[in-house]
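K.L.:
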Amino acid sequence: MERIVIVGCSGAGKSRLATDLSRRTAIPAVHLDLLFWRPGWKRAPQDEVVRELEDAIARDRWIVEGDFLNAGDHRFAHADAVVFLDRSRRTCAWRVLKRAVLERRRSRVDLPAGCEEGVDQQLLKWIWQDPRTSRPRIVALLAELRDRVEVHHLRSDDDVNRFLRSL
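Going by numbering that gives the first Met the number 0, the first residue of the sequence shown is number 0, and it counts up by one from there.
1) Does Leu84 come out as helix, strand or coil in the three-state DSSP assignment?
2) With DSSP as the reference, identify every bridge partner of Val63, one or two as the case may be.
3) Our contact map puts Arg88 next to Pro38 with C-beta atoms below 8 Å; I'd like the distance itself, whole angstroms only.
4) For Met0, tell me which candidate among Ala57, Asp46 and Val82 has the shortest Cα-Cα distance.
5) Can you tell which of Thr24, Asp66 and Ile62 has its C-alpha closest to the C-alpha of Ala11?
6) Could you please give me the residues that DSSP links to Arg42 through a beta bridge?
7) Three-state secondary structure (DSSP) at Leu122?
8) Among Pro44, Ala17 and Ala78, which has the Cα closest to the Cα of Phe148?
9) Who are the near neighbours of Val150 in its chain, counting only those whose CB is closer than 6 Å to its CB and skipping five residues on each side?
10) Rounded to whole angstroms, what's the CA-CA distance from Trp125 to Ile26? Just pull it up for me.
11) Just to confirm the assignment, what range does the alpha helix (DSSP H) spanning Val159 have?
12) So the alpha helix (DSSP H) His77 belongs to, where does it begin and stop?
13) Short of 6 Å in beta carbon distance, which residues of its chain neighbour Arg94, apart from the five on each side in sequence? Order them along the chain.
14) With C-beta atoms as the reference, is Glu53 less than 8 Å away from Ile5?
15) Which residue from Arg23, Glu143, Ala17 and Trp36 puts its Cα closest to that of Ala112?
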């Protein structure tokens, strides 16, 4: 595994897993939030995002984490492994709320400067709707990719820990 895509709902643990994998393997992590957002949670121009992401996946080794399924990129075509963090919406909502409280004053490596950690109704709605919106698309995508790439469907912290120990 040298070209890894990590997907899952907000709060599923994508950034943490990417950071842990990067430390263990010395493969650079690319956090899509850093590409998609500008200070004040303003969307970056799509052409810039696609160009930066294409530059990142042109390298030999990378870990790309983020849920943006309409990114207009080719990360799945170039990946040799996909990790789906398939957490319950309760778990994701709890983690986002906890992170907003405990890490309010800390900067995050996966967010651009000027994007403060927070929780709003829109984010919680996004998380709550994920099983009906993003999840079916991810499951269908994994079914398409299964013959060509390693697929890791992780549903719990124990699954994540077993996956990390297997490296």
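For every residue, glycine included, the Cβ atom is placed at its ideal position computed from N, Cα and C.
P.N.:
Taking the definition as stated:
1) strand
2) Val4 and Val29
3) About 29 Å; that fails the 8 Å criterion.
4) Val82
5) Asp66
6) Trp36
7) helix
8) Residue identity differs from the one stated: residue 148 is Val in this sequence, not Phe. Closest option to Val148, Cα to Cα, is Ala78.
9) Val81 and Leu141
10) 30 Å
11) Asp156 to Arg164
12) Arg74 to His77
13) Gly10
14) no
15) Trp36
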